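Contents: one structure, followed by commentary.
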C-alpha cells in the first residue's frame with residue numbers, strides 16, 4: 028500500500044474505535060510510556076491530541092510527568108497553517124490554550140523554546156513500520172520540526188496499532204523514529 032492508502036486505512040480504523048477500546052488503548056500506551064528512560068530528559072515535546080481524530084490522549088502522560096518528574100519541562104507547539112511550520116512553548120496548567128482551525132489546542136502565547144533545547148519528542152502518527160518510518164497526516168510538520176532538533180533528540184512515536192512490515196514509498200526528507208510505543212509493547216530502532 029502507498030502512504031496515502033495507509034493513511035486512509037488507519038484513519039478509518041482509528042475512527043471506528045469504540046470509546047471503551049480507546050480508553051484501554053490509551054491506558055496501555057501510558058503504561059508503556061512509563062517504562063521509557065525519563066531521567067535525562069529536561070525538555071519533552073508533547074503533541075496535544077486532536078480528539079476528533081481519535082489520537083492518543085497525551086494529556087494522561089502530561090499528568091504523569093508533572094506528578095513523577097516535575098523537573099521535566101513540557102513543550103507544546105503552535106502551528107503556522109500558512110507556512111506549515113511549528114513554534115514551541117513551555118506548557119503548564121495555567122497556559123492559555125485555544126483551538127486552531129484544525130481543532131488542535133495551541134498556546135495563545137507563552138515562553139518560547141528553541142528546537143535545539145528539546146531532548147525528546149513524542150511524535151503523532153497513523154502507522155509506522157518495523158524500520159521506524161512513520162505516516163502522519165501528510166503535511167510534513169514533524170519532519171520539518173525534527174530536522175531542526177539536535178541529532179541526538181529522541182523521537183518517540185505513539186501508535187494504537189502495531190508496526191507494519193514496511194512503508195514502501197518513503198521520501199528522502201522523512202525522518203524515522205528511534206522508538207515506537209504501542210499499547211502492547213515498545214519498539215526500539
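In this note's numbering, the protein residues as written are 28 to 216.
Where a beta carbon is used, it is the ideal one built from N, C-alpha and C, also for glycine.
Keep in mind it's a predicted model, so treat the numbers as computed, not measured.
Close beta carbons around residue i, own chain, < 7 Å, minus the five adjacent residues each side
| i | result |
| --- | --- |
| residue 38 | 153 |
| residue 211 | 55 and 189 |
| residue 57 | 87, 88 and 91 |
| residue 99 | 65, 68, 69, 71 and 92 |
| residue 137 | 116, 117 and 122 |
| residue 112 | 171 |
| residue 49 | 81 |
| residue 53 | 83, 84 and 87 |
Bridge-paired residues (DSSP) for residue i
| i | result |
| --- | --- |
| residue 226 | Residue 226 is absent from the model: the chain starts at 28 and stops at 216. |
| residue 118 | 101 |
| residue 70 | 100 |
| residue 127 | Beta-bridge pairing links residue 127 to no other residue. |
| residue 133 | 125 |
| residue 77 | DSSP lists no partner for residue 77. |
Of the listed residues the options, nearest to residue i (C-alpha basis)
| i | options | result |
| --- | --- | --- |
| residue 62 | 165, 183, 124 and 163 | 183 |
| residue 82 | 109, 143, 28 and 44 | 44 |
| residue 149 | 46, 175 and 88 | 88 |
| residue 204 | 127, 165 and 170 | 170 |
| residue 127 | 46, 76 and 162 | 76 |
| residue 179 | 49, 142, 164 and 132 | 142 |
| residue 79 | 51, 206, 72 and 131 | 131 |
| residue 144 | 124, 206, 49 and 102 | 102 |
| residue 74 | 216, 186, 177 and 215 | 186 |
| residue 51 | 40, 42 and 84 | 84 |
| residue 191 | 200, 165, 157 and 166 | 157 |
| residue 110 | 42, 216, 177 and 166 | 166 |
| residue 215 | 175, 49, 201 and 181 | 181 |
Proximal residues to residue i (C-beta, below 6 Å), its chain only, five neighbours per side dropped
| i | result |
| --- | --- |
| residue 59 | 208 and 213 |
| residue 65 | 96 |
| residue 146 | 68, 69 and 70 |
| residue 176 | 142 and 145 |
| residue 206 | 183 and 215 |
Residues near residue i in its chain [Cβ-Cβ closer than 8 Å; skip 5 each side]
| i | result |
| --- | --- |
| residue 114 | 104, 105, 107 and 139 |
| residue 202 | 169, 170, 173, 174 and 182 |
Per-residue burial, residue i [other beta carbons within 10 Å of its own, 16 or more giving buried]
| i | result |
| --- | --- |
| residue 160 | buried |
| residue 35 | exposed |
| residue 134 | buried |
| residue 173 | buried |
| residue 163 | buried |
| residue 41 | buried |
| residue 168 | buried |
9 Å Cβ cutoff, residue i in contact with chain B
| i | result |
| --- | --- |
| residue 168 | The chain inventory of the structure shown lacks chain B, comprising one protein chain alone. |
Cβ pair count under 8 Å reaching 3, the region 113-124 against the region 147-161:
no
Segment contact flag, the region 188-205 with the region 28-35, C-beta cutoff 8 Å, min 3 pairs:
yes
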